[in-house]
Structures are given as C-alpha cells and as structure tokens.
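Numbering (our numbering), first residue to last: 459 to 631. Structure, as structure tokens:
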Ligand SMILES: [Zn+2]
C-alpha cells in the first residue's frame, strides 16, 4: 500500500516535474522565437522605413583651374563654400532644398549657374536648374544626380558637379 502510494506520488511528482520541465522549455522557446521575430521585425523596419542614403558627397568644381567651389555633405546635411569662391556663390534655402547660384567671370562674360541640391532624406538630388550658357546642355541633357559617381557638366562655363562617395567636410547649416 505504502509502496503503491509512493509509486503514485513519485509518478505524480515525475509528471509535475515533466510538465514544469516542458513548460520551462516552451518559455525559453517562446523567448527565443520572440527574440528572433523581434530582430527580424527591427531589420525589416530599418530596411523598409528608413530612407536609403543615396548620396554621400557632392563637389562643384571650377574646371578652369580645378578648384572646388563648394562641397556638400549629405550625411551631416552640411555644405561648405571654398573661401576663394565666397564672393561667387549665393545660397537660397527652402526647407532642406538649397539653391546655389554660382557666378564667375569667364573671358569677360558673367557665367551664372544655379544648382539645386536636396538634402531631404529619401529625396536627395542635385541638378542644374538655371544657366546662362548658350546651349543649356547642362540643364537639358544631363540627368539629375541621385547617386554617387554621377556628374553634370556645363561645358561652356567649365563647371562640373560631381557626386562622390566620400562626403566633403562641411559646416553646420
Ligand atoms: Zn550650361
């Protein structure tokens, strides 16, 4: 009788232990699955909802002497006008869209180009929107710069806009 009782007790205890053990396992399993799911959701959210950084840096180069007129750093949302060109560049800002008007004397003529640069996340670009060059190729023939290693050239004004993988040193806007 006692043996039988102990036997039942032992089995009960065994069952309880087993139940606890399996419950413990399922909690860990759930935690693990939950963790994996959370990581997957976070990664998914990061890829889908955070806008991709399409552009790193931008340089506007005076091709008559190879000097950089201004640089834009898309990561830090800053721009820097070279001291040599401080008198040649004026800036107009609308939200995160900047219009840089660059005017230089070239062969006795005032050459003006207006470059629009958007620093908006998910909508970064640079394009020539105005120029008093004779052909307007820089406006009509060149695609907007939307990724690294693209360029727009105003041949008559010898002005080049080029996107670079290294972001230029910028000042806080
Ligand atoms: Zn042009």
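C-beta: ideal position from N, C-alpha, C; glycine also.
What ranges does the beta strand (DSSP E) occupy inside the region 558-609, keeping only unbroken runs of at least 3 residues that lie completely in it? Under the rule that a run must span 3 or more residues, the beta strand (DSSP E) segments found entirely inside the region 558-609 read 567-578 and 581-589.
Test item, CB below 5 Å from any non-hydrogen atom of ligand 1: Ordered along the chain, the selected set is 589, 591, 596 and 612.
May I ask you to report which of helix, strand or coil DSSP gives residue 490? Working through the chain shown from its first residue, we reach residue 490 at position 32. The three-state reading of DSSP puts residue 490 in helix, counting H, G and I together.
Per DSSP, the bridge partner or partners of residue 431: Residue 431 lies beyond the residue range present for the chain, which begins at 459 and ends at 631; the question has no answer from this structure.
Counting Cβ pairs closer than 8 Å, one from the region 518-532 and one from the region 482-494, do we hit at least three? Segment contact: the region 518-532 against the region 482-494, fewer than three CB-CB distances shorter than 8 Å; contact not assigned.
The beta strand (DSSP E) enclosing residue 533, as first and last residue numbers: Indexing the chain shown from 1 puts residue 533 at position 75. Taken as a continuous stretch (DSSP letters only), residue 533 belongs to no beta strand (DSSP E), as it is neither H nor E.
Note down, in chain order, each residue of its chain lying with its Cβ closer than 7 Å to the Cβ of residue 612, except the 5 sequence neighbours on either side. Sequence index remark: in the chain shown, residue 612 carries index 154 (1-based). So the qualifying residues of the chain are 571, 586, 589, 591 and 596.
DSSP-derived helix/strand/coil call for residue 513: Looking up residue 513 in the chain shown gives position 55. In the structure shown, residue 513 sits in coil (DSSP, three-state: anything other than H, G, I, E or B).
Residue 581 classed as buried or exposed, judged by whether at least 16 other C-beta atoms fall within 10 angstroms: Mapped onto the chain shown, residue 581 falls at position 123. Burial call: exposed.
Going straight from the alpha carbon of residue 497 to that of residue 513, what length do you get? Position 39 of the chain shown, counted from the start, is the residue given in the question as residue 497. Position 55 of the chain shown, counted from the start, is the residue given in the question as residue 513. Cα-Cα distance, rounded: 27 Å.
Nonlocal neighbours in the same chain, by C-beta distance under 6 Å from residue 575, ignoring five residues either side: As a first step, residue 575 is located in the chain shown; it is residue number 117 there, counting from the start. Within the same chain, residue 575 has close Cβ partners 530, 556 and 584.
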